[in-house]
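Undergrad: 275 is the number that my numbering gives to position 29 of the sequence shown; each next residue is one higher, with no gaps. Positions of the beta carbon are idealized from the N, C-alpha and C atoms, including for glycine. The following block contains the structure, expressed as structure tokens.
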Amino acid sequence: MCSAPGAFAPAERRANVVSRTKSVSATMRFGLHTPIGKGYEKAIAYAAELGCRTIQFFSGNPRGFRITDPKPEAWARFAALRREHDLLPSAIHTSYLVNFATEREDHLAASLALVGHDLALASSGNVAYVNTHLGSYGQRGRAEGHLQVCRALSELLDAIRPGVFLVMENSAGAGNLVGGTLEELGGFLREVDHPQLAVCLDTAHAWAAGYKIDDAQGVEAFLDQVERHVGIARVKMFHVNDTVVPLGGQRDRHHHIGEGLIGTAGFAALLNHAALREKIAVLETPGERAEDERNLAVLRSLLA
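This is the structure:
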């Protein structure tokens, strides 16, 4: 049974793992959420031209439950191209309709089928991470919904293959969305207790949920909480997005890096933190190529 969140690691361990912000020789691997609708080769070419070192993509319609299988030859070629252009590790983002806390049995079944398919697809194509939103509790009690999310995650992880992580994304905390706090995400990690369950932290969502990450002190305090409730090692990736939503505003609105309320000071502290040098950082900012180039340039300029 899923219990209330508690301490994930002793304070002494947190102090050792979450060191002060500083420049490091190894850096986070930057990349983009890249459309694949025009073909895998064009998606890879776009990411490579912009100097990406990771890539995230939808395997199908992000606003539907239809499961589609790529042609085996094309899928194998996509894997080879990502390896050739050093776009590893990479990530699949599941459909926005996934809801593990829903009261509707058909919606839950569709969510499990789709995410299970994405996990199998990831394994066959050398995709390390399958990133998913957890859904909404709706009108049901949070305790009951929390238990159902645990059961759904456990079912998926019972069938997961080696080399793939099921990655839970934090939410902005609006309404009854699941995963708006680090304590809640940590609760899922502890109760499901599977080494291939991990976390993605979206900076815009974290800010909207009330985590102040607009300067070095705020980032340090945030990462201390991450280590306490989740564990830095369980965080495999970041979605790096600025936002114009007020702190704690609980709305999901992405904005260009350095042009929102998190600002360059917050992102500089995050990107240069020694504890995060092995992570991938995926941009999900609005716009077209010019905006992608600008956002990537800002990120690179912030590296100490």
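Excluding the 5 residues flanking Asp-488 on each side, which residues of the same chain have their C-beta closer than 8 Å to its C-beta?
TA: Excluding positions up to five away in sequence, the list reads Thr-449, Ala-450, His-500, His-501, His-502, Ile-503, Gly-504, Glu-505, Gly-506, Leu-507, Ile-508, Gly-509, Phe-513, Thr-531.
Undergrad: With three or more beta-carbon pairs closer than 8 Å as the criterion, would you say the stretch 299-308 touches the stretch 326-338?
TA: The stretch 299-308, when compared against the stretch 326-338, does touch it at the 8 Å Cβ threshold.
Undergrad: Quick one: measure Cβ to Cβ for Gly-381 and Phe-346, integer angstroms, because I've assumed they're closer than 8 Å.
TA: So it is a contact: roughly 5 Å between Cβ atoms.
Undergrad: I'd like to know whether the C-beta atoms of Leu-431 and His-475 end up nearer to each other than 9 Å.
TA: Contact flag set, yes.
Undergrad: For Val-445, list the residues DSSP reports as bridge partners.
TA: DSSP output for Val-445 lists Met-414, Val-481 as bridge partner(s).
Undergrad: Just mark Ser-341 as buried or exposed, buried being the case when its beta carbon has 16 or more other beta carbons within 10 Å.
TA: Buried.
Undergrad: Determine the DSSP secondary structure at Glu-534, reduced to helix, strand or coil.
TA: Three-state DSSP puts Glu-534 in coil, outside helix and strand.
Undergrad: In whole angstroms, what is the alpha-carbon distance linking Trp-453 and Leu-542?
TA: If I take the Cα positions, the gap works out to 20 Å.
Undergrad: What do you reckon, are the CB atoms on Asp-498 and Ala-405 nearer than 9 Å?
TA: Not closer than 9 Å, so no.
Undergrad: Name the two residues that bound the continuous alpha helix (DSSP H) containing Gln-394.
TA: 388-404 is the extent of the alpha helix (DSSP H) around Gln-394.
Undergrad: Looking only at DSSP bridge pairs, what is Val-555 linked to?
TA: Any answer about residue 555 is impossible in this case: the structure gives the chain only from 247 up to 550.
Undergrad: Cutting at 6 Å between CB atoms, please list the residues of its own chain near Gly-456, excluding the five before and the five after it.
TA: Taken in chain order, the residues that qualify are Gly-494.
Undergrad: From the DSSP output, read off the bridge partner residues of His-501.
TA: Paired residues: Asp-488.
Undergrad: Going by other Cβ atoms of all chains shown within 10 Å of its Cβ, with 16 needed for buried, is Lys-482 buried or exposed?
TA: Under this definition Lys-482 is a buried residue.
Undergrad: Less than 9 Å separating the beta-carbons of Val-465 and Leu-402?
TA: Their beta carbons are not under 9 Å apart, which means Val-465 does not touch Leu-402 by this criterion.
Undergrad: Going by alpha carbons, who is nearest to Leu-549 out of Ser-417, Ala-325, Lys-284, Ala-515?
TA: Ranking the options by Cα distance to Leu-549, first place goes to Ala-515.
Undergrad: Measuring straight from C-alpha to C-alpha, what distance separates Arg-480 and Leu-529?
TA: C-alpha separation (whole angstroms): 20 Å.
Undergrad: Over the uninterrupted alpha helix (DSSP H) stretch that includes Ala-293, give me the two end residues.
TA: Unbroken alpha helix (DSSP H) run through Ala-293: 286-295.
Undergrad: Which residues in the same chain as Ile-313 place their Cβ atom closer than 8 Å to its Cβ, once the five residues preceding and following it in sequence are excluded?
TA: For Ile-313, where only same-chain residues beyond five positions count, the Cβ hits under 8 Å are Gly-306, Ala-359, Leu-360, His-363.
Undergrad: What residues in its chain sit with their C-beta under 8 Å from that of Arg-309, if we drop five residues either side in the sequence?
TA: Here the set comprises Ser-341, Tyr-342, Leu-343.
Undergrad: Can you give the beta carbon distance from Val-413 to Asn-377, rounded, assuming they're within the 8 Å contact cut?
TA: Their Cβ separation, rounded to whole angstroms, is 4 Å, which keeps Val-413 and Asn-377 in contact under 8 Å.
Undergrad: Give me the Cβ distance between Glu-351 and His-379, rounded to the nearest whole Å; I'm assuming they're in contact under 8 Å.
TA: Going by Cβ atoms, the distance from Glu-351 to His-379 rounds to 19 Å, so no, they are not a contact pair.
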